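Residue numbers for the sequence shown follow my numbering, beginning at 1078 and rising by one.
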Amino acid sequence: MEANRREFALMAGAALAVVGTEGAGTAFAAPGPAAYPPDAWHQRMKRIVHVNFNERDPETFDVGTWVDYLASCQAQMTYLSGTNVVAFYPTALPDLPVSAWLKGRDVFGECVAAAKARGIRVMGRFSIDIAKSQLADTHPDWFCRTQDGALVRRSLVGSPDDPSASSEFAPTCQFSDYYTTFVPALFDEVLSRYPIDGIYSNGWPSPDAVVCYCPICRTIGDPHSRAYEDAFLKRAVELWSRYDALVKKHDARLIFTGNLGGGFRGGTLDLSALAATAPWFMADNQGRGGIGAPAWDASQQTRIGKAIVGNSGDRPVTNITAGYEIAGDIRWRNVTGNAVEVRSRIHQTLAAGGVVHYHWLGFQQGFIEDRRWQRVGREVLAWQAANDRHFHNRRSIASVALVVSQRGNRLYDPPAGTDTLDAVQGMYQLLTEARIPFDVVLDRDLTATTLSRYQTLVLPNIALMGDAQAAAVTAFAKAGGSVLATFETGLYDEAGRPRDDFALGALFGMRRAGKRESFGQAATPSQPRFPGSSAIQRIERRHPILAGFEETDWIQGSSCRVPITIEGPPLLTHVAQYPWYPTEGVYSRQPHTDQPTIAVREAGGARLVYLAADVEAGYWRSGAADLGDLVTNALRWLAPAPPITVRGPGLVEVFGWETEPGYALHLVNHTSPGFRASAARALSPLGPQAVRMTLPPDQGGPKPIRQATLLRAGQPLPLRQEGAVVEFTVPSLDEYEVVALEV
């Protein structure tokens, strides 16, 4: 099946020709931002139901049963497997394998007709990132290669003899002729035969460059290098433009989009050029990550997607929720998942302003063998459809912006034993625990226009910061905006080069007094990563952000810090780490220093706080009470009058939106022993939640609320309104509630 060494060597000639005409050396114009009509179907969709086909599905596939389920969920769109891996229709392309169980049927065509008859839009789904390995016999140049020339094994997990490991499929190289000749021919064939609404490419381009050592890629360079990643991105943009033009050639109303993936971490590629043209952003995480992932993972995925497309609401963000089981690193992709976790992910997507994409794999497995997954989709999506008008948001009511730096995750070198995401994860948890509504903003969008929408800016170790960004933050503060920054924020420029001093030093009235201190160790085969022992902070004088610490002069510190000097007397000072054992040695050798660990200022209407240690990151790693209380106090001091306050028991994520009919408050319950685990099997029902909302200013003054409804409970809600202030009590909170306020 695989090319031998002589054949592999002979591939180089043809490969070089492809690079010369189609690959990284080809000049192209990056597409500009796309404008889609706001009333286009793909801009107003809220419910996608998607059943992936496997090769054996045609044997038992019942189109009526399939489409009846989609209709019961009030699905507005579905992805339909074409596909390039194995066709579910009778193709005329000689290099496209057909399902051995198709036996003359056209399952794809039957499904298109059935969906269209029910008013359900259809996007043809293809996975061009992978193909049958058998094609390497005739097209050895199509596939990614290891350094020794072998095909890359796509599904190898764990032990080589693990039954889930397979050589049946292999990744394709996007620099090859497969992408420039075969894929367009495939798209042309499908678009010519079937009245679909567009084409979606799963698995491509993805936020990470593929590692490939095929002859083409060897001419580009080391697949781990920045030069290779730049070439990979350039090629992806060129192909995307080509595919989009191909689709629109068939019908200008059709759309093309790919899998942009993404999360807070991001990847090796900056997909902003593609995200600018995509009709929607797909967040493809399906379920929680490894052990220790937070319950609000789906909220995060939706938030970062909205940040990538600009938080302006001009394009939707779709977020996949799998109906099958995902628990940590393990997936049971043909067995129904934990219903509480699955529902929670759908609720989070809706609350964060996203589009639900409910997902299952296999007709036989999902409609004959295990049908439990269907109930969740049918119940939640049908409910959402009945209340659809309240999910079309105009803008967020949040006054706090949490900054995330995917670029920093690529370029910043964190202290040993820590992770680049520790800071933003910790700050996200603290904002959620404090029930402070917030938006996520990318560091690239630190501009006057973006910042003008907020009153408080949170910079959790945003180490990389350009001069223009620093100027925008400074101008924001001079205009009365409050800022919280931590650790190495602004100590590197936008390319990751160290600065001599903080980019925001003058704003906070501080200077760097030395290199960062950290004493951690990276993971080894015998022990996990360790961030280093934590320091202590001494209270030198009292301040509102030290509320609750009245009975102590010492509070917990974190593992890493930047030595600083500040203007004026210190509030907290540094007490260095000291031995844990023996007990005779557990005392500080220097219990009192003049080294400040915090800078606190008020300038005009702005309040400013800088924490020299990675306090929020330390909280994420440890859950230490003092660290959490210090940051929470700082957040509340910086934002003393948020537009939404919710008081009551439990761990609740709060979202507020101005909607087409008026306003909506979303409350997502995360109260569970498994909120930092792999999945939640149950959520603790909560008692009354007292809410106070200050409605955004409106021309002519605040409009009276004429009707308030608890959408999940399906009952009216009494409220009190005085001017722009609305107060009410949600009597109880089970998993999720939406308060719809109509004006």
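Where a beta carbon is used, it is the ideal one built from N, C-alpha and C, also for glycine.
None of these values were measured; they are calculated from a predicted model.
In the DSSP assignment, the beta strand (DSSP E) including residue i goes from what residue to what residue?
{"i": "T1650", "result": "L1649 to V1652"}
{"i": "A1360", "result": "F1358 to Q1363"}
{"i": "H1434", "result": "V1432 to L1438"}
{"i": "S1046", "result": "Nothing can be reported for residue 1046: it is not among the residues displayed for the chain, which extend from 1078 to 1820."}
{"i": "T1527", "result": "It is not in any beta strand (DSSP E) - T1527 instead sits in the alpha helix (DSSP H) that spans A1525 to L1528."}
{"i": "N1129", "result": "R1124 to N1129"}
{"i": "S1158", "result": "M1154 to S1158"}
{"i": "R1769", "result": "Q1766 to T1771"}
{"i": "Q1784", "result": "Q1784 to L1787"}
{"i": "N1746", "result": "G1739 to N1746"}
{"i": "Q1798", "result": "R1797 to E1799"}
{"i": "E1804", "result": "V1802 to V1807"}
{"i": "R1471", "result": "N1470 to S1473"}
{"i": "D1516", "result": "F1515 to L1519"}
Looking at the unbroken alpha helix (DSSP H) that takes in residue i, where does it start and where does it end?
{"i": "L1707", "result": "A1702 to L1715"}
{"i": "A1313", "result": "R1303 to H1327"}
{"i": "D1145", "result": "V1140 to S1149"}
{"i": "H1119", "result": "W1118 to R1121"}
{"i": "R1295", "result": "P1292 to I1297"}
{"i": "W1373", "result": "Careful: W1373 lies outside any alpha helix (DSSP H) and carries neither H nor E."}
{"i": "G1733", "result": "Unbroken run through G1733 is the beta strand (DSSP E), V1729 to T1736; no alpha helix (DSSP H)."}
{"i": "S1755", "result": "From DSSP, S1755 is part of no alpha helix (DSSP H); its letter is neither H nor E."}
{"i": "T1497", "result": "It is not in any alpha helix (DSSP H) - T1497 carries neither H nor E in the DSSP assignment."}
{"i": "Y1696", "result": "V1692 to S1699"}
{"i": "T1825", "result": "This structure leaves residue 1825 out entirely; the chain is present only between 1078 and 1820."}
{"i": "R1270", "result": "V1260 to R1270"}
{"i": "A1583", "result": "G1582 to F1585"}
Quick check on this structure: which residue in the options has the alpha carbon closest to the alpha carbon of residue i?
{"i": "A1493", "options": "F1607, M1542 and A1718", "result": "F1607"}
{"i": "A1043", "options": "V1729, K1311 and R1121", "result": "What is shown of the chain runs 1078 to 1820, which leaves residue 1043 out entirely."}
{"i": "D1139", "options": "E1187, Q1451 and A1350", "result": "E1187"}
{"i": "F1596", "options": "L1581, L1263, Q1633 and R1638", "result": "R1638"}
{"i": "A1549", "options": "Y1569, F1440, P1284 and D1522", "result": "D1522"}
{"i": "S1699", "options": "D1307, E1565, F1165 and Q1633", "result": "Q1633"}
{"i": "W1143", "options": "R1684, L1263, Q1598 and I1445", "result": "I1445"}
{"i": "F1626", "options": "Q1224, D1706 and L1685", "result": "D1706"}
{"i": "K1180", "options": "T1215, Q1211 and E1132", "result": "E1132"}
{"i": "T1497", "options": "R1342, R1666, Y1166 and V1731", "result": "R1342"}
{"i": "I1782", "options": "P1738, A1790 and S1236", "result": "P1738"}
{"i": "H1434", "options": "R1455, N1396, F1185 and D1499", "result": "N1396"}
{"i": "Y1290", "options": "L1427, N1486, G1280 and G1226", "result": "G1226"}
{"i": "D1447", "options": "S1529, E1402, A1429 and T1533", "result": "E1402"}
Leaving out the 5 sequence neighbours to the left and right, which residues in its chain are closer than 6 Å to residue i when beta-carbon positions are compared?
{"i": "L1688", "result": "T1563 and I1675"}
{"i": "G1591", "result": "P1640"}
{"i": "A1152", "result": "R1124, V1126 and I1197"}
{"i": "R1724", "result": "A1767"}
{"i": "T1098", "result": "Because T1098 sits at a pLDDT of 37, beneath the cut-off of 50, its placement in the model cannot be relied upon, and the following sentence gives the value as read from the coordinates. Excluding sequence neighbours, T1098 sits near nothing in its chain."}
{"i": "A1304", "result": "G1298"}
{"i": "A1801", "result": "T1771, L1772 and P1779"}
{"i": "G1439", "result": "N1131 and N1411"}
{"i": "A1094", "result": "Unreliable placement is indicated for A1094, whose pLDDT of 45 sits below 50; no coordinate value is reported for it."}
Considering only residues of the same chain and omitting the five flanking positions on each side of residue i, which have a CB-CB separation below 8 Å?
{"i": "F1105", "result": "Confidence at F1105 is low in this model, with a pLDDT of 43, below 50, so its placement is unreliable and the value that follows should be read with caution. Excluding sequence neighbours, F1105 sits near K1311, V1314, E1315 and S1318."}
{"i": "A1192", "result": "V1144, L1147, T1155, L1157, R1198 and V1199"}
{"i": "Q1667", "result": "V1652 and A1653"}
{"i": "S1269", "result": "H1327"}
Under 8 Å: does the beta carbon of residue i sit that close to some heavy atom of the ligand FMN?
{"i": "A1475", "result": "Among the components modelled here there is no ligand, and therefore nothing to report on the ligand FMN."}
Who are the Cβ neighbours of residue i in its own chain at under 7 Å, not counting the five residues just before and after it?
{"i": "S1482", "result": "D1520, I1539 and L1541"}
{"i": "T1103", "result": "Note that T1103 scores 41 on pLDDT, short of 50, meaning its location in the model is unreliable; the coordinates nonetheless yield the value given after this. Cβ neighbours of T1103 beyond the five flanking positions: E1315."}
{"i": "E1418", "result": "A1756 and A1757"}
Assuming residue i and residue j make a contact with CB atoms under 8 Å, what is their CB distance in whole Å?
{"i": "I1205", "j": "Y1256", "result": "7 Å"}
{"i": "V1846", "j": "W1450", "result": "One cannot answer for residue 1846 here, as it falls past the ends of the chain, which runs 1078 to 1820."}
{"i": "V1175", "j": "A1384", "result": "With a Cβ gap of about 42 Å, V1175 and A1384 do not count as contacting."}
{"i": "V1480", "j": "I1513", "result": "Going by Cβ atoms, the distance from V1480 to I1513 rounds to 15 Å, so no, they are not a contact pair."}
{"i": "L1536", "j": "T1566", "result": "5 Å"}
{"i": "F1130", "j": "N1161", "result": "The pair is not a contact, with the Cβ atoms about 13 Å apart (cut-off 8 Å)."}
{"i": "N1336", "j": "S1283", "result": "6 Å"}
{"i": "A1404", "j": "Q1378", "result": "18 Å between Cβ atoms; not a contact."}
{"i": "I1072", "j": "G1159", "result": "There is no way to answer for residue 1072, as the model of the chain reaches only from 1078 to 1820."}
Which runs of the beta strand (DSSP E) spanning at least 3 residues fall entirely within the region 1589-1645, listed in chain order? 1613-1616, 1631-1633 and 1641-1643
At 4 residues or longer, and completely inside the region 1393-1456: list those alpha helix (DSSP H) runs for me, N to C. 1416-1428
Identify every run of the beta strand (DSSP E) within the region 1329-1353, keeping only runs that are complete inside it and at least 3 residues long; order them along the chain. 1332-1336
Ordered list of alpha helix (DSSP H) runs contained in the region 1153-1209, each at least 4 residues: 1184-1194
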